[in-house]
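Heads up: the sequence shown begins at 0 in numbering that gives the first Met the number 0, then just goes up one per residue.
Every residue gets a Cβ at the ideal spot worked out from N, C-alpha and C, and that includes glycine.
Since we're looking at a predicted model, the values are computed, not measured.
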Amino acid sequence: MTKRREMKEFINFEKIRNELSDAKFYMGLSSYGSVEERNKAAEAEKKIPELEALLAKEPPPPELPPKVPLIKVTGTLEEFSVIKVWGYFTDREYDPEGFARQEKRAQVGALLLAIAGNAAAAAVTSQSRERMSDPSDFVRGKINGIPFHGWLGMTNAKVGDYVELAVAPKDNHYVVYALANPYTRIISMTPRCECGLDGYIKFGTKVNHGLTLFLFLMTLSFMLYGNAEKVTMVVFLSLVFIFILVDVLFYFKGKNLEKKDPKPTILLAERIFIALGFPEPSLVDLNISTKKKLKGLKLQGKYVDPDSDEGKNIPCKWYRLEFFYYY
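Listed below in structure tokens is the structure:
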């Protein structure tokens with residue numbers, strides 16, 4: 000979490016459901032059990048109405064991915080409200096059934112490893128991947144007379160703002176996946192949707208280059224340490240050639256893998272960029288555009304402290320955690 004978005008601000012409805020379940024369990028102990036259990040039952044009886052009232056505010060779950068094409072809607076916000084909620088937006092949320100099948104196969108594999116006597120590998124394989132949650136703003140509002148709702152990153156919109164929405168039409172309302180202000184060039188996205196496919200590959204290529212260079216320098220340092228006289232020009236050039244070859248192979252291998260099986264968060268990001276009319280949507284990387292904007296503001300002396308009243312509603316150095324960007 001960031002300094003201006005504290006963890007306690009966000010409601011964890013899953014935790015509330017668990018607390019309610021526990022409270023109802025202890026209620027069943029009210030007529031028997033130890034004194035301690037009867038005391039817990041009395042406390043639970045007081046908590047249940049409060050927990051049920053909180054759960055009544057729970058928003059509908061994110062619809063990932065949208066089942067219909069996204070469209071762009073522009074207009075002035077007639078109504079707008081925000082509930083700060085913990086939500087789930089990782090790749091597994093886009094295909095929970097597929098993820099469950101993978102988990103089942105992993106469990107079967109762990110069982111086979113255990114039968115074969117490899118207990119350590121079985122223990123690692125059998126570990127279920129925990130669902131990861133993110134802080135988000137669940138928004139409700141009305142635009143052009145039509146209601147909308149959706150799960151976004153940090154938002155700073157208010158009634159009266161002229162905005163552009165990427166939405167999926169549904170019945171008599173919209174499900175929103177991005178909210179952009181064309182005047183301030185600020186956009187709030189569905190959490191974890193931050194770049195198109197080619198933008199993601201470009202970022203991965205930079206990381207790959209950096210890793211290859213690091214390994215090259217480490218290898219060269221190891222060879223030079225105590226054996227500098229053996230590192231001739233031929234050896235050095237051979238080493239350079241090998242690492243360039245490795246870098247190129249990793250690039251094409253990684254690119255082919257990403258093109259063949261792109262992450263669902265990236266596909267949704269591209270759909271959002273296309274709906275909003277971004278040029279070259281596949282190349283868009285909101286992390287890069289935000290980083291450049293913040294750097295420019297600092298050079299111009301216009302950067303605002305994100306913890307100040309003026310800066311708390313604009314993107315800052317925590318944009319990756321807040322899913323709140325310049326574009």
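{"Asked": "When you compare the CB positions of Leu285 and Tyr176, do they come within less than 8 Å of one another, or not?", "Found": "no"}
{"Asked": "With a threshold of 16 other CB atoms inside 10 Å of the CB of Leu50, please say whether the residue is buried or exposed.", "Found": "buried"}
{"Asked": "What residue range is occupied by the uninterrupted beta strand (DSSP E) comprising Arg3?", "Found": "Where Arg3 is concerned, there is no enclosing beta strand (DSSP E), given that its DSSP letter is neither H nor E."}
{"Asked": "For Phe88, I'd like the list of residues in its chain whose CB is within less than 6 Å of its CB, leaving aside the five on either flank, ordered along the chain.", "Found": "Asp133, Pro190 and Arg191"}
{"Asked": "Taking the straight line between their C-alpha atoms, what separation do you get for Val158 and Pro146?", "Found": "13 Å"}
{"Asked": "Using beta-carbon positions only, say whether Leu53 and Glu92 come within less than 8 Å of one another.", "Found": "no"}
{"Asked": "Based on the DSSP output, what are the partners of Asp338 in its beta bridges?", "Found": "This structure cannot settle anything about residue 338, because the visible part of the chain is limited to 0 through 326."}
{"Asked": "Let me see if you follow: with CB-CB separation under 8 Å, is Gly149 close to chain C or not?", "Found": "Protein chain content of the structure displayed is limited to a single chain, and chain C is not contained in it."}
{"Asked": "Suppose the cutoff is 6 Å on Cβ atoms and the five residues either side in sequence are ignored; what does the same chain contact list for Tyr161 look like?", "Found": "Thr75"}
{"Asked": "Just mark Ala167 as buried or exposed, buried being the case when its beta carbon has 16 or more other beta carbons within 10 Å.", "Found": "buried"}
{"Asked": "Could you work out which residue in Asn17, Lys66 and Val84 is closest to Ala43 when comparing CA atoms only?", "Found": "Asn17"}
{"Asked": "Whose C-beta lies closer than 8 Å to the C-beta of Ile185 among residues of the same chain, with five residues either side of it excluded?", "Found": "Asn155, Ala179, Ile313, Pro314, Phe323, Tyr324, Tyr325 and Tyr326"}
{"Asked": "Within its chain, find whatever has a CB closer than 7 Å to the CB of Lys292; leave out the 5 residues flanking it on each side and keep chain order.", "Found": "Tyr325"}
{"Asked": "Sorted by chain position, which residues of the same chain lie with C-beta nearer than 7 Å to Asp90's C-beta, five sequence neighbours on each side aside?", "Found": "Lys262, Pro263 and Thr264"}
{"Asked": "Roughly how many angstroms separate the alpha carbons of Gly195 and Phe215, rounded to a whole number?", "Found": "30 Å"}
{"Asked": "Using 10 angstroms around the beta-carbon of Gln126, count the other beta-carbons present and answer buried if the total reaches 16, otherwise exposed.", "Found": "Reliability of the predicted coordinates at Gln126 is poor, the pLDDT of 49 falling under 50, and no value is obtained from them."}
{"Asked": "For Pro168, verify whether its CB is less than 7 Å away from any heavy atom of the ligand COA.", "Found": "By its list of ligands, the structure shown contains no ligand whatsoever, and the ligand COA lies outside what it can speak to."}
{"Asked": "Could I get the ranges of all uninterrupted alpha helix (DSSP H) runs contained in the stretch 150–194, with 4 residues as the minimum, in chain order?", "Found": "none"}
{"Asked": "Could you say which of Pro60, Asp197, Leu320 and Leu219 lies nearest to Leu238 if we only look at CA atoms?", "Found": "Leu219"}
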